[in-house]
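Shown next, in structure tokens, is the structure this report addresses.
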Amino acid sequence: MNKTSHPCDGASHHCDTQERLLDAAEHLFATEGIAETSLRAITAEADANIASVNYHFGSKEALFQAVIARRLGPINDERLGLLAAAEADAGEAPPTLEAVIEAFVRPIIRLRHDSSHGEHFMRLMGRVHTEPGEWTLRALEEFRESFQRFAEVFARILPELSEEERLWRMFFLIGVTAHTAAADFKLQHLAGDRCPPTDIETTSRRLVSFAVAGFRAPVPSEDGENS
-18 MNKTSHPCDG ASHHCDTQER LLDAAEHLFA TEGIAETSLR AITAEADANI ASVNYHFGSK
42 EALFQAVIAR RLGPINDERL GLLAAAEADA GEAPPTLEAV IEAFVRPIIR LRHDSSHGEH
102 FMRLMGRVHT EPGEWTLRAL EEFRESFQRF AEVFARILPE LSEEERLWRM FFLIGVTAHT
162 AAADFKLQHL AGDRCPPTDI ETTSRRLVSF AVAGFRAPVP SEDGENS
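Using our numbering, read the sequence shown as starting at -18 and increasing by one per residue.
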């Protein structure tokens, strides 16, 4: 059983230590790998000791889960807030597909562009989505409530699609969003000055346009023909 993170409600140096541990763990998990990163490496970068990890988190896994929750919690809150606003704007009708997809992608793109830690966290989330193991599966639980809420709204907007088809398209949306946020620099490497870095608005607009087309694409039949 993982220990709950010790709250930062005591002396300021305890809070500072906890934040340094979270920052160091986020950086090293992202750049070195989740399994490959040792607590000694984390504490060395954080200028802390193993006892401080035990005090604030209890274990390496609990520290890892706290790193995920620290970023995904606000992202999920922002996503759900944008989704609620889109529903309110639509009144009795379902919100537009564009508004729902933008509510999903914008918080991630904003984090990547606005936060000094955004690049590290998005690289870490790439590992969460691709590396096997119980830790990464448990990390995805932080996303479950938000995922289910968006699934309900997509069902209202796209009732002509089966639930299975909608869920697959949501899965593709997660992938393209995570890749765009984590690896946009690779496009500049491949394309050079033909694709200069873009701002939040431009990246979000392009991503939403691409994803909307994917959600509205015909359903392929088993023989490969579009239905």
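By construction, the Cβ of each residue, glycine as well, lies at the ideal position given by its N, Cα and C atoms.
For A198 and T(-15), the rounded distance between their alpha carbons: Translated into the one-based positions of the sequence shown, residue -15 becomes position 4. Translated into the one-based positions of the sequence shown, residue 198 becomes position 217. Since pLDDT at T(-15) reaches only 45, below the 50 mark, its modelled position is unreliable, and the value read off the structure follows with that caveat. Whole-angstrom Cα-Cα distance: 44 Å.
Can you tell which of S202, I155, P177 has the C-alpha that lies nearest to the C-alpha of E188? Taking the first residue of the sequence shown as position 1, residue 188 is located at position 207. Before going further, note that residue 188 is Leu rather than Glu in the sequence given. Per the C-alpha coordinates, the member of S202, I155, P177 positioned closest to L188 is I155.
Is it right to say H37 is buried, meaning 16 or more other beta carbons lie within 10 angstroms of its own, or is it exposed? For the purposes of this step, residue 37 is identified with residue 56 of the sequence shown, where counting begins at 1. Around the beta carbon of H37, 16 or more other beta carbons lie within 10 angstroms, which makes this residue buried.
In three-state terms, what does DSSP make of T(-15)? What you label residue -15 is simply residue 4 of the sequence shown in a count that begins at 1. Reliability fails at T(-15), whose pLDDT of 45 lies under 50, so the model's placement of it is uncertain and the value that follows must be treated cautiously. Coil, per DSSP.
Mind checking whether the beta-carbon of L64 lies closer than 6 Å to any heavy atom of the ligand FAD? Among the components of this structure there are no ligands whatsoever, and the ligand FAD is therefore not found.
V157 to A163 span [Cα, whole Å]: Here residue 157 corresponds to residue number 176 of the sequence shown, with the count starting at 1. Here residue 163 corresponds to residue number 182 of the sequence shown, with the count starting at 1. Spanning the two alpha carbons is a distance of roughly 10 Å.
Distance between A120 and V48 (C-alpha atoms, nearest Å): Numbered from 1 along the sequence shown, position 67 holds the residue referred to as residue 48. Numbered from 1 along the sequence shown, position 139 holds the residue referred to as residue 120. Going from the Cα of V48 to the Cα of A120 covers about 10 Å.
Select from I181, H160, C176 the residue whose C-alpha is nearest the C-alpha of H101. As a working note, residue 101 is residue 120 in the sequence shown. Per the C-alpha coordinates, the member of I181, H160, C176 positioned closest to H101 is H160.
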